[in-house]
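Chain order of the listed sequences is L and F. Going from the first sequence to our numbering is simple: count from 1 and add 176. Going from the second sequence to our numbering is simple: count from 1 and add 148. For each residue, glycine too, the CB sits at the ideal point set by N, CA and C. Being a predicted model, the structure only gives us computed values, none of them experimental. Reviewing the structure listed below.
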Amino acid sequence: MTFSLRGRIQTRLFLAATVGVIWTAIITPFLPSPPMGSIGGVGMVPMQMSKFMVPIAVPYNPIPFDYRMTFETLGLMALVGIAWELLYHLLQQFRWDKDWPPLFTLVALVPEGIVLWYVIHLTHVENGTWALTSSGFPMFAIHLATTWVLMWLFMVGPMKVVSLKWRFEGGELV
Amino acid sequence: MGLNVATTVESGLVADAGGPHAHRHRALEDQALEGGGISAEMAGACVWSDEMVAASGISVRNVPFVTVGGGVASYAMVDALRISGVPASMIAVVGPFPSGYGTLKLLLEASQIDRDQRLRSGSSDRMGSIWGWPGYGLKEAFARRSPATLARLVAEPVLCDYFTPKASALYEDMDAEARRISWQSMFTCGRVPLVRRRDGGGYFIVIVPAEDESLANVQVIQARYVHLGIGFVAAHVLDDMMEYRSSTGDSRRVVNVYEPHEHIYEELARNPGKTVLVRGSASSSLQVIERLVRDRDAHDTGVEIYHLFRNYVEGPKGPPMFRTPGKDGFSYQAFTFTKACYGGQLQRKFRSLGSDDERAELLAAVGSTAVPKRKLWRKQSARGKREGWYKVVVGSASGLELQDNGRVRATVSQEGKPATSLEVDYVIDATGVEVNLRDHEVIADLLDCCGAETNAVGQLAVNDAFEVSGTRNGNGKIFASGVSTLGNPYVIPMYSFWGLQYAALLTCKDLSRDGFCQPLGIRRSVRGWWHRIRNSAP
Ligand SMILES: Cc1cc2nc3c(=O)[nH]c(=O)nc-3n(C[C@H](O)[C@H](O)[C@H](O)COP(=O)(O)OP(=O)(O)OC[C@H]3O[C@@H](n4cnc5c(N)ncnc54)[C@H](O)[C@@H]3O)c2cc1C
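Structural data, given as structure tokens:
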């Protein structure tokens, strides 16, 4: 891949908004849901107001909470990713070919995943321990890794079909 | 001004290589035209009227879009137009070979890349599909059921060399797409000596049909748009070789790598123990050495190889942010240009440069001779050095002489040192060829008669739609792509499949603004791709 800086950022945002969103919508119900309480965010209490304004507990349905977590994770992956792209662009300057082999993009999952795990704690998308033993970790890891690989597969292939401009102008879409 | 592509071009040649009708001397041309139904008055007039042409009795067809050359550049142009919704009946292709790769195949074979050898571009540089996906690599992986090829596509170029397709994959792909877009129905076998402005807009394209060498049956097409994809035809061998040939009459011992030279390999197999000087450190030189070594092993030719480097690269050079990898004499780079020119940040920078001269400078900086880092080549030269049959010589080639003993004395000069000389049996030159724009009949005429201009590197000046500057005529436009548009403001790797396809797309974009074709937006692109996959007409 030979990216311009704009191309990199546009590509990441586009892939997250298309492949990322569709895949997250599909996979979330099948992810190992962490027990109640480890999911943060605003309004996380699984309760609902009765019509007399008395809070009543409803049977716990984790799905909406899982969705919030996966979508917020996806959003942060895209957002924090912009900073990553700046770093990659800098590193790219040291390559004579000024390119970015697909393998680099694939393995970037590891450093980006580690940083993202911390970021979702800092932003309270996920509560609980930062340790990898956290009950929320399997969900996070499976979601991120599968989304990442799919985005990557889309990028090395069908992306060119969707936009010829992307193929010829450094990954730029607009 | 001639462009010495010696250092910048993985280039092609030469008189015979352009096909039987490609390269003609102009004086000959003038004579021929006079005998061929085009009156002296017409030959002298830069603008032709309909009446003038009608009076000459020459048959005239009206086709809105004509591409001259019929090579890879024409192919890319026509494919893009067809995908953009232009029917085959509105396009004509004129060239010497019925397949788009006719000339390229000759040049590839001369430079030792036969069907089973690999090209020098990547998996997605796919001539038979403007989308480049699925690429040649994926196809090969499935056809051979080879997970290794698949793994390689993931790992390239970090853990292994780039995947590069076999020449046969290119030919098959181009044949398949040609059938799909009805290439044959658009094709006329012939040569175009002239393109003239038409009074009232558009152009007249003069065609000398291939089957009629007598030139009595010249045809004319009236077109709104003309595209010139004439390739390297005006290329010729370097001066010292020209001198050698004209003084000795010998073109058997001293050849350019792009000229057919199978006779050398045959003679080496028959008479073991000969010496060959390979000049130049472009990848074609390594292709030749690969063949010499293969024959050495297979037929015991015992050949000794001298390899002449003008610049022997000891190691990586340049500042950290513009550092060319290099070793053992070579600069390394996967493709003819650095990867970044293929659409990346360098292309962006190139586009933003203000002047032609700045562009020429950047072009020179990124277009220096480099070779892909192939394991086989490195192993071969290491073994040759160890066993003493591969020797490196550093300096510039500066003269060739035929000795009485039938061998060739090649002089090599090096700055600040006395010149040395070598006695060898054969010289294979891979330092490049000279391309002089004016040597090409159509272009010379375009410059003299149609108002075309040249750019800072001496090639045709074009705008960002690849329209040749100064040639517009009413609603008509002349476009060009290929090596003759090197130094254009948009595409750096002008002689690559990628560059030719990109140029074609930029031209199509302009034509869609004229209403001649549909813009290739997301929907049309995806639909077009689906048709290609299903192999149904565009
Ligand atoms: C040996 C070699 C290997 C290459 N390998 C690669 C590679 O691996 N990957 C890559 O991307 N690029 C490669 N290239 C670069 C480039 O893609 C090819 O050179 C390509 O063929 C250029 O296309 P073209 O149409 O400009 O020229 P050509 O394909 O040569 O076509 C031009 C045609 O126009 C004809 N013509 C000229 N004048 C007239 C006239 N007046 N009337 C009618 N016809 C005329 C010529 O005879 C010729 O057939 C290679 C080039 C060479 C020489």
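Rounded to the nearest angstrom, the Cβ distance from F:Y454 to F:V541 is 5 angstroms, consistent with a contact under 8 angstroms. Here L:Y294 is exposed. Its C-beta has fewer than 16 other C-beta atoms within 10 Å. Straight through space, the alpha carbons of F:D273 and F:T602 are spaced by roughly 29 angstroms. It is roughly 28 angstroms from the alpha-carbon of L:Q268 to the alpha-carbon of L:H319.
F:F245 carries a coil assignment under DSSP once its states are collapsed to helix, strand and coil. A Cβ-Cβ distance of about 6 angstroms is found for the pair F:V366 and F:I186, placing them in contact under the 8 angstroms criterion. Rounded to the nearest whole angstrom, the C-alpha separation of F:G276 and F:I329 is 10 angstroms. Contact between L:S311 and L:P205 does not hold, since their C-beta atoms are separated by about 18 angstroms, which reaches or exceeds 8 angstroms.
With a cut-off of 8 angstroms on Cβ pairs, the region 434 to 448 of chain F is in contact with the region 522 to 531 of chain F, counting three or more such pairs.
A distance below 6 angstroms between beta-carbons, with the five flanking residues on each side excluded, links F:L653 to the following residues of its chain, in chain order: A228. Bridge partners of F:A508 according to DSSP: none are assigned. Taking all protein chains shown into account, F:Q332 has fewer than 16 neighbouring C-beta atoms within 10 Å of its C-beta and is therefore exposed. For L:V350, not one C-beta of chain F is nearer than 8 angstroms to its own C-beta.
Beyond the five residues adjoining it in sequence on each side, F:G676 comes within less than 7 angstroms, by CB distance, of I231, P686 in the same chain, given in chain order.
Taking 9 angstroms as the cut-off between beta carbons, the residues of the region 277 to 301 of chain F near chain L are I278, W279, G280, W281, P282, G283, L286, L301, in sequence order. The residues V301, in chain order, have a CB closer than 6 angstroms to that of L:E248 in the same chain once the five nearest residues on each side in sequence are set aside. At a cut-off of 8 angstroms, the C-beta of F:G491 has a neighbouring C-beta in chain L. Taking the CA atoms as reference points, F:S271 sits about 46 angstroms from F:S395.
In the structure shown, the three-state DSSP call for F:R345 is strand. For F:T215, the uninterrupted beta strand (DSSP E) run begins and ends at 213 to 216, by DSSP. Taking C-beta atoms as the reference points, F:A518 and F:Y480 count as a pair closer than 8 angstroms. Check the Cα spacing between L:W199 and each of L:L298, L:T187, L:Y243: the tightest is with L:Y243. Closer than 8 angstroms to the CB of F:M389 there is not a single CB belonging to chain L. If you draw a straight line from the Cα of L:A201 to the Cα of L:I239, it comes to about 11 angstroms.
Scanning its chain for C-beta atoms nearer than 7 angstroms, with the 5 sequence neighbours on each side dropped, one finds around F:T559 the residues S546, G547, A567, S569, in chain order. Between F:I626 and F:T633, the beta carbon gap of about 12 angstroms keeps them out of contact (Cβ cut-off 8 angstroms).
L:F270 is a Cβ neighbour of F:P468, given a cutoff of 8 angstroms. A distance criterion of 7 angstroms places the beta-carbon of F:D273 in contact range of ligand 1, judged by its closest non-hydrogen atom. Contacts with chain F (Cβ-Cβ distance below 8 angstroms) from the region 267 to 297 of chain L involve Q268, Q269, F270, W272, D273, K274, D275, P277, P278, L279, F280, L282, listed in chain order. Bridge pairing for F:R339: F:V356 [DSSP]. Counting only runs that start and end inside the region 518 to 547 of chain F, the beta strand (DSSP E) elements of at least 3 residues fall at 538 to 542. DSSP, read as helix, strand or coil, puts F:L456 in strand. Per DSSP, L:L329 is one residue of the alpha helix (DSSP H) stretching across 313 to 332.
When CB distances to chain L are screened at a threshold of 7 angstroms, the residues of the region 462 to 475 of chain F falling below it are P468, M469, R471, T472, P473, in chain order. For F:N210, the beta-bridge partners assigned by DSSP are F:Q370. Sequence-distant partners of L:K336 (beyond 5 residues in either direction) whose C-beta falls short of 7 angstroms from its own C-beta, in its chain, are W342, R343.
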